[in-house]
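Numbering (the numbering used here) for the sequence shown: 908 to 1473.
Using N, Cα and C, we set each Cβ at its ideal position, and we do this for glycine too.
Read through the structure below, which is laid out as structure tokens, and then see the notes.
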Amino acid sequence: MTQPADINQDNLPPEERRAPRIDQRIKNLSNIFSLLGSDPDQNIHIIVQQACHLLEGSTAMYNRRDERNGSLECWAGCNLPAGYAAAGSSQGHVCNETVFKADQEPVAIEDLGQTPYAQSDPAIRRHGFKSYLGHPVVCKGKTVGSLCILDTRQRAFTDVDIYIISTLARSLALEEERKLAEKEQLRLTARLQQAQKMESIATLAGGIAHQFNNALAVILGNIELIQMDGLVDQRLLRFIEPINQAGQKMVHLTSQLLAYARGGKFQTQVVSSHRFVKEALSLVSHSLSSHVELKTDLDEATDPIEVDGTQIQMLLAAILANASEAIETKGSVTVSLRNATVTADERAKYQGLKPGRHVLLQIADTGKGMDERTRTRIFEPFFTTKFQGRGLGMAAVYGIVKKHGGFVYVDSELGRGAVVSIFLPGALVAREEAEKRIAAQTQRTGTALIVEDEHLVMEVNRAIVEKLGYRVLEAKSGHEALHIARTYKGPIDFALLDVILPDMGGNQIYPKLMELLPNLKVIVCSGFTLDGPAREILNAGAQAFLPKPFSVAVLSKSLDEIFKKP
Ligand SMILES: Nc1ncnc2c1ncn2[C@@H]1O[C@H](COP(=O)(O)OP(=O)(O)OP(=O)(O)O)[C@@H](O)[C@H]1O
Ligand SMILES: [Mg+2]
């Protein structure tokens, strides 16, 4: 560490004695920059030590302001007297003068004994300090602390002293700025890692859900057929029903997993947000316990939204269930809806939210709230704090909102309830909502082509289609499908087309099929959501999309719709 050079001034004539010493101190001041390294905290200590040496103080310190309680804390010190209290109330402290003064100028006090600090500052009394030179440390326009030296001698501070302390205070400010930048960088990296983590869990969840769906299609489809056909006697049906119920539970679980993985947006429509939320609430409010009061504050003038109704209902049900579970005795849940334009301040809070006008759906509860750790992990699939929780509700909410191009944020503190805010993009045109339900089962005749590679899925799909009265042609690959289309003599009424096949994708098969059979109606089937190839086939002209697994009733409804279309 560079020390100020020890020049013997006694040999110089009196008028020349200060000049070379001033030069030397300024030279030493510029030398300190060569001592600074890459660690801002260490640099702060070096700067404080240099302040003590260059300004020849008894003690030097950097006192930092604690934003939470306004007190000062000695963050770095040089030659601190034994027993010096590093932190504590800043009441009556001489550094208050430097830190809280609006002009951000240095403060030089030749004789502390003449100031009220002699009484009010315990450190001055205890350690016998007689003079003080302090400079505020200003970072991005805000005083964050002060650099000061204290001396046990009375002394007048010169312009050079002030020049030195202001230069060192500026260097401290630069180190503080570097620390802020490093903190911001760490925060951004953590956010990126969190996003990457969510993405990779989503891929895993999507893969599992897909496999589950295929297996469930086989299990539930066969159960439905057994129940319909009366193949077994009553004694066996008693055992079959629990299998059915367990399977239905798994359908719900996989739909939540799928919702998390890709948002599970099957089909959207533009709806009046006010009417939609009102109706959805009436459908899902049964998930609230009887001791929970539901209040609503829905602005009728809220912009329309483009949503997948089933998905948003799933979202509301999951949030209401959580709110209800968080209310232990009596309490209320308030659902509000309005247009919201996000301000710059709010954007800092809602990191990642797009600027501009949104439809804001908020669900606030008066329950027990959650700690910060829970709040930050709430959207992770399988994260739960409940004994029998699965940890999928909020994961599904996250996926659904993301898929709708929206943003979700949870505000909560222990003991203070929770507010879930969902920002959705407003849709420009409002259209009428869903059509009426179509009768589930109608007996039909005709021929269907099923393109599906998985044997068991083919079996159950075949049975479902036959149940509706169709004759079935099976194709286990794209080539087989095209061969049938080329060679089958009679008319083919519709095709159930899987998206992923061993030899080619459904999106490649579709145009070739249409070339051969231009009037063919095609229903795209997939365990995945309406994305990628499935969306491509629909865009190319296919009539409908069915997520696997589907029941006789669902296929029947879909067929009714496509045969109604011109
Ligand atoms: N409104 C709320 N108030 C307090 N804590 C909540 C609230 N909503 C969610 N949480 C916390 O977040 C966790 C995750 O919620 P999530 O809905 O994903 O799973 P879960 O409710 O535990 O299980 P399930 O899959 O059955 O919904 C909960 O276990 C709970 O600790
Ligand atoms: Mg839940």
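Per DSSP, the bridge partner or partners of residue i
i            : result
residue 1314 : 1330
residue 968  : 984, 1055
residue 1045 : 1050
residue 1257 : Looking at the DSSP assignment, residue 1257 forms no beta bridge with any residue, so it has no partner.
residue 1246 : 1266
residue 1212 : 1178, 1333
residue 1372 : In the DSSP output, where bridge partners are listed per residue, residue 1372 has none listed.
residue 1378 : 1354
residue 1013 : Paired residues: none, contrary to the question.
residue 1398 : DSSP, once it has assigned bridges, lists no residue as partnering residue 1398.
residue 1038 : 1058
residue 1404 : 1358, 1431
residue 1194 : Residue 1194 is not bridged to any residue.
residue 941  : Answer by DSSP bridge pairing: none, since residue 941 is not bridged.
residue 1241 : 1202, 1271
Boundaries of the beta strand (DSSP E) in which residue i is found, first to last residue
i            : result
residue 1281 : Unbroken run through residue 1281 is the alpha helix (DSSP H), 1279-1284; no beta strand (DSSP E).
residue 1001 : No beta strand (DSSP E) contains residue 1001, which DSSP labels as neither H nor E.
residue 947  : Element bounds for residue 947: not the beta strand (DSSP E) but the alpha helix (DSSP H), 947-961.
residue 1201 : 1199-1205
residue 1451 : 1451-1454
Contact check, residue i vs residue j, beta carbons under 8 angstroms
i            : j            : result
residue 1356 : residue 1302 : no
residue 1455 : residue 1120 : yes
residue 1183 : residue 1265 : no
residue 1028 : residue 1001 : yes
residue 1288 : residue 1296 : no
residue 1057 : residue 1070 : no
residue 1257 : residue 1167 : no
residue 1466 : residue 1431 : no
residue 1285 : residue 1218 : no
residue 947  : residue 1032 : no
Beta-carbon proximity list for residue i, same chain, < 6 angstroms, skipping 5 on both sides
i            : result
residue 1181 : 1205, 1207, 1209
residue 1241 : 1202, 1271
residue 1341 : At residue 1341 the pLDDT is 34, less than 50, meaning the model places this residue with poor confidence and gives no usable figure here.
residue 1223 : 1187, 1191
residue 1161 : 1116, 1119, 1120
residue 985  : 955, 956, 959, 967
residue 1406 : 1413, 1433, 1440, 1441
Extent of the continuous alpha helix (DSSP H) run through residue i
i            : result
residue 1468 : 1459-1471
residue 1183 : 1180-1191
residue 1483 : It is not possible to answer for residue 1483, since the shown part of the chain is limited to 908 through 1473.
residue 1394 : 1385-1394
residue 1474 : Since the first residue shown for the chain is 908 and the last is 1473, residue 1474 is missing from the structure and cannot be characterised.
residue 1029 : 1029-1034
residue 1234 : Residue 1234 -> no alpha helix (DSSP H), and no H or E assigned at all.
residue 1440 : 1439-1447
residue 1418 : 1413-1423
Neighbourhood of residue i by C-beta distance below 8 angstroms, restricted to the same chain and skipping five residues each side
i            : result
residue 1300 : 1163, 1225, 1226, 1228, 1229
residue 1235 : 1274, 1275
residue 1416 : 1358, 1385, 1388, 1389, 1404, 1408
residue 1220 : 1187, 1190, 1191
Same chain only: Cβ atoms within 7 angstroms of residue i, ignoring 5 sequence neighbours per side
i            : result
residue 1035 : 1059
residue 1260 : 1249, 1254, 1314, 1330
residue 1371 : 1128, 1459, 1462
residue 1062 : 1017, 1038
residue 1262 : 1249, 1254
With contact counted as at least three CB pairs below 8 angstroms, one residue from each stretch, are the segment 1318-1327 and the segment 1204-1218 in contact?
no
Decide yes or no for the touch test of the segment 1392-1399 against the segment 1136-1155: beta carbon pairs closer than 8 angstroms, at least 3 of them.
no
Quick test of the definition: if touching needs 3 or more C-beta pairs under 8 angstroms, does the segment 1042-1051 touch the segment 1065-1076?
Yes: at least three Cβ pairs fall under 8 angstroms.
Does the segment 1359-1368 come close enough to the segment 1246-1255 to have 3 or more Cβ pairs within less than 8 angstroms?
no
Should the segment 1121-1137 be called in touch with the segment 1078-1097, which here means at least 3 C-beta pairs below 8 angstroms?
no
Quick one: any contact between the segment 1408-1421 and the segment 1439-1454, if contact means 3 or more CB pairs under 8 angstroms?
yes
Collect the residues with a C-beta less than 7 angstroms away from any heavy atom of ligand 3 and give them in sequence order along the chain.
Although ligand 3 was asked about, the structure shown includes only ligand 1 and ligand 2 as ligands.
So, does the segment 1049-1056 touch the segment 965-982, judging by three or more C-beta pairs under 8 angstroms?
Under the 8 angstroms Cβ criterion, the segment 1049-1056 counts as touching the segment 965-982, having at least three qualifying pairs.
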